[in-house]
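Just so you know, the sequence shown maps onto residues 4 to 415 in this note's numbering.
Inspection log for the structure reproduced underneath, given as structure tokens.
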Amino acid sequence: MNISKISRSLIVVIFIAFIIFLGFFDVSSFFKVRGVSSSIFVKIGYVMCLVALVGIYVYIKDKLYKLHVKRNLSFVYRYIYIVFVLIGAFILSSKRLLTNFSDNKMLLNLLLTLSTCFIIKKIIFNVSKSDILSVLAMFSYALIPTISQNVNSNILSTIFTTIFFGAILVFQLLIDELKQKGIKTKKYIIEAIILGVLMGISTIFGVNVFVWICVLIITFFITYNLDRTHINFPKKFMASLTQAKRESLYKIERININKLIVAMFITMALLVVISLLFNIVISKLFSPNMFDFVTIQIGKSSSISDLSFSNLKNSVFDLNNKFVLCAPLFYLCIFIYILFMEILAICLHRRYDTKSTLMKTILLCLYASIVIFNMNIYYFQPVITILLILIAIVNTSNIYLNREERIKMLVA
Numbered sequence: 004m005n006i007s008k009i010s011r012s013l014i015v016v017i018f019i020a021f022i023i024f025l026g027f028f029d030v031s032s033f034f035k036v037r038g039v040s041s042s043i044f045v046k047i048g049y050v051m052c053l054v055a056l057v058g059i060y061v062y063i064k065d066k067l068y069k070l071h072v073k074r075n076l077s078f079v080y081r082y083i084y085i086v087f088v089l090i091g092a093f094i095l096s097s098k099r100l101l102t103n104f105s106d107n108k109m110l111l112n113l114l115l116t117l118s119t120c121f122i123i124k125k126i127i128f129n130v131s132k133s134d135i136l137s138v139l140a141m142f143s144y145a146l147i148p149t150i151s152q153n154v155n156s157n158i159l160s161t162i163f164t165t166i167f168f169g170a171i172l173v174f175q176l177l178i179d180e181l182k183q184k185g186i187k188t189k190k191y192i193i194e195a196i197i198l199g200v201l202m203g204i205s206t207i208f209g210v211n212v213f214v215w216i217c218v219l220i221i222t223f224f225i226t227y228n229l230d231r232t233h234i235n236f237p238k239k240f241m242a243s244l245t246q247a248k249r250e251s252l253y254k255i256e257r258i259n260i261n262k263l264i265v266a267m268f269i270t271m272a273l274l275v276v277i278s279l280l281f282n283i284v285i286s287k288l289f290s291p292n293m294f295d296f297v298t299i300q301i302g303k304s305s306s307i308s309d310l311s312f313s314n315l316k317n318s319v320f321d322l323n324n325k326f327v328l329c330a331p332l333f334y335l336c337i338f339i340y341i342l343f344m345e346i347l348a349i350c351l352h353r354r355y356d357t358k359s360t361l362m363k364t365i366l367l368c369l370y371a372s373i374v375i376f377n378m379n380i381y382y383f384q385p386v387i388t389i390l391l392i393l394i395a396i397v398n399t400s401n402i403y404l405n406r407e408e409r410i411k412m413l414v415a
């Protein structure tokens with residue numbers, strides 16, 4: 004077994020332990036909540052509405068196919084329905100804020116929400132190649148009710164979500180590009196630059212820089228069979244050198260370099276530079292009140308010197324209880340489903356996809372940073388919730404749409 008398979012299996016084991024750990028707090032939280040909360044009916048309504056909307060989309064797609072509608076026209080009809088649903092979901096989830104929204108802010112928040120929805124759709128489709136599952140993920144995000152009652156905080160939270168999942172999507176596209184061998188383009192460098200910029204901006208909204216650094220390092224171990232490049236010196240420069248020096252440089256040119264190393268170096272450099280520039284420059288260029296929401300919501304981060312076993316233990320128990328107590332039944336269903344799919348994947352000997360493992364790595368690193376630096380779990384809760392939903396959907400695609408199983412189905 005190679006390093007990438009071992010690394011991916013290890014991450015899955017840690018992820019399963021993490022879900023079981025959260026599930027323990029979730030079950031114990033039931034004893035703290037007495038009576039039947041009215042929010043249970045809201046969650047049931049959420050699931051029913053989600054199933055109904057996806058079912059309508061499947062019906063429309065199937066009907067258009069049977070009517071032999073042209074592919075481009077069918078695509079337009081389906082996306083009209085999707086946009087209509089997303090706008091309706093936005094109005095429904097933000098109805099308590101609509102009176103406080105100005106026209107410009109409402110339009111900005113709507114555009115950001117739509118952008119995030121399509122980014123999430125692309126993330127799921129990139130992994131599963133399933134249009135239905137990607138639409139399910141899109142509607143799942145769109146129908147999540149707005150928690151914050153502050154307009155500015157709601158907009159900044161949406162910007163953060165858009166940037167965070169935009170970074171995940173670009174990361175997936177970068178991996179796809181690096182898996183194509185023999186293509187002599189610089190597209191992967193452009194994607195690495197975009198990824199570094201998005202990661203850097205996300206640190207402005209509270210994601211600790213060490214989260215992305217850890218994810219980038221782990222990526223080296225979970226990826227495999229990637230394209231390589233080499234250094235090419237200009238011919239005029241080579242002609243100006245002596246024979247002995249040219250031979251030395253020819254040896255350097257024959258050295259193959261993993262493109263991932265180049266991409267990660269660019270990404271990490273931009274990540275660190277943007278994060279440092281924000282602390283030095285951005286706070287002076289913009290109004291101090293602009294990022295007050297982020298500072299307040301994230302909370303005071305603990306320094307490394309504050310870390311001890313007792314402090315870490317208290318932080319873990321406190322944050323986990325706060326997290327699952329917001330919606331214990333909702334999270335319990337997600338935890339049980341994820342665990343069921345993970346165990347089923349092990350029993351059916353499904354291989355762990357690089358990009359789905361990457362999503363689990365990001366979730367683990369993000370949650371670990373929140374615990375270690377004792378940050379406000381409520382601020383990051385929407386992103387963590389969406390990540391859990393996406394992982395649940397990706398686990399489903401891993402069972403039914405596994406690449407090896409596709410080949411077997413095609414042969415049969």
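For each residue, glycine too, the CB sits at the ideal point set by N, CA and C.
The way I'd put it, the region 353-369 does touch the region 8-23; three or more beta-carbon pairs between them come closer than 8 angstroms. In the three-state DSSP reduction, Ile186 falls in the coil class, being neither helix nor strand.
DSSP places Thr222 in the uninterrupted alpha helix (DSSP H) bounded by 212-225.
Residue range 380-403 is occupied by the alpha helix (DSSP H) that includes Pro385.
The C-beta of Ile341 has 16 or more other C-beta atoms within 10 Å across all chains shown, which makes the residue buried. The straight-line gap separating the alpha-carbon atoms of Val173 and Ile47 is approximately 34 angstroms.
Pairing Ile396 with Ala140 gives a Cβ-Cβ distance under 8 angstroms. Contact between Asn228 and Lys190 is ruled out by a C-beta separation of about 18 angstroms, above the 8 angstroms threshold. For the pair Thr206 and Thr116, the Cα-to-Cα distance works out to about 20 angstroms. With a contact defined as Cβ atoms closer than 8 angstroms, Ile392 and Ser143 qualify at about 5 angstroms. Assignment of Ile147 by DSSP, reduced to helix, strand and coil, places it in the coil class. For Ile162, the closest alpha carbon among the candidates Ile264, Leu332, Leu113, Gly185 is that of Leu113. Rounded to whole angstroms, the separation of the alpha carbons of Phe128 and Ser137 is 5 angstroms. The C-beta of Ile59 has fewer than 16 other C-beta atoms within 10 Å across all chains shown, which makes the residue exposed. DSSP assignment within the region 106-145 yields the following whole alpha helix (DSSP H) runs of 4 residues or more, N-terminal first: 106-131, 134-145. At the C-beta level, Leu322 and Ile373 come within 8 angstroms of one another. Using a 10 angstroms sphere on the CB of Val88, the tally of other CB atoms reaches 16 or more, which defines it as buried.
Close CB contacts of Leu198 within its chain, under the 7 angstroms cut and outside five residues either way in sequence, are with Ala170, Val173, Phe174, Leu177, Thr270 (chain order). With contacts defined by Cβ atoms closer than 8 angstroms, Ile277 and Ile196 do not form a contacting pair. Note on Met51: under 16 other CB atoms within 10 angstroms of its CB, so exposed under the neighbour-count rule.
The criterion of a C-beta distance shorter than 8 angstroms is satisfied by Pro385 and Thr164. In the structure shown, Arg231 adopts extended strand secondary structure according to DSSP, grouped into three states. Distance check between Asp29 and each of Glu345, Ala371, Cys336 places Cys336 closest, using alpha-carbon atoms only. Excluding sequence positions up to five before and after Leu274, its CB lies within less than 6 angstroms of the CB of Gly199, Met202, Gly203, Trp215, all in the same chain and listed in chain order. One Cα belongs to Leu263, the other to Ile375, and the distance between them is close to 29 angstroms. The criterion of a C-beta distance shorter than 8 angstroms is not satisfied by Val79 and Ile135.
For the pair Ile17 and Leu361, the CB atoms are not nearer than the 8 angstroms cut-off. Listed as beta-bridge partners of Ile260 by DSSP are Thr232. About 6 angstroms separates the Cβ atoms of Arg231 and Ile260, confirming a contact at the 8 angstroms cut-off. Distance from the Cα of Leu369 is smallest, within the candidate group Lys358, Phe383, Glu194, for Phe383.
Boundaries for Ser97: no alpha helix (DSSP H) harbours it, and the DSSP string shows neither H nor E there. In the structure shown, Tyr355 falls within a coil segment according to DSSP collapsed to helix, strand and coil. Asn75 is classed as exposed because its beta carbon has fewer than 16 other beta carbons within 10 Å across all chains shown. With contacts defined by Cβ atoms closer than 8 angstroms, Ser7 and Thr226 form a contacting pair.
Between the C-alpha atoms of Leu56 and Lys124 there is a straight-line separation of about 15 angstroms.
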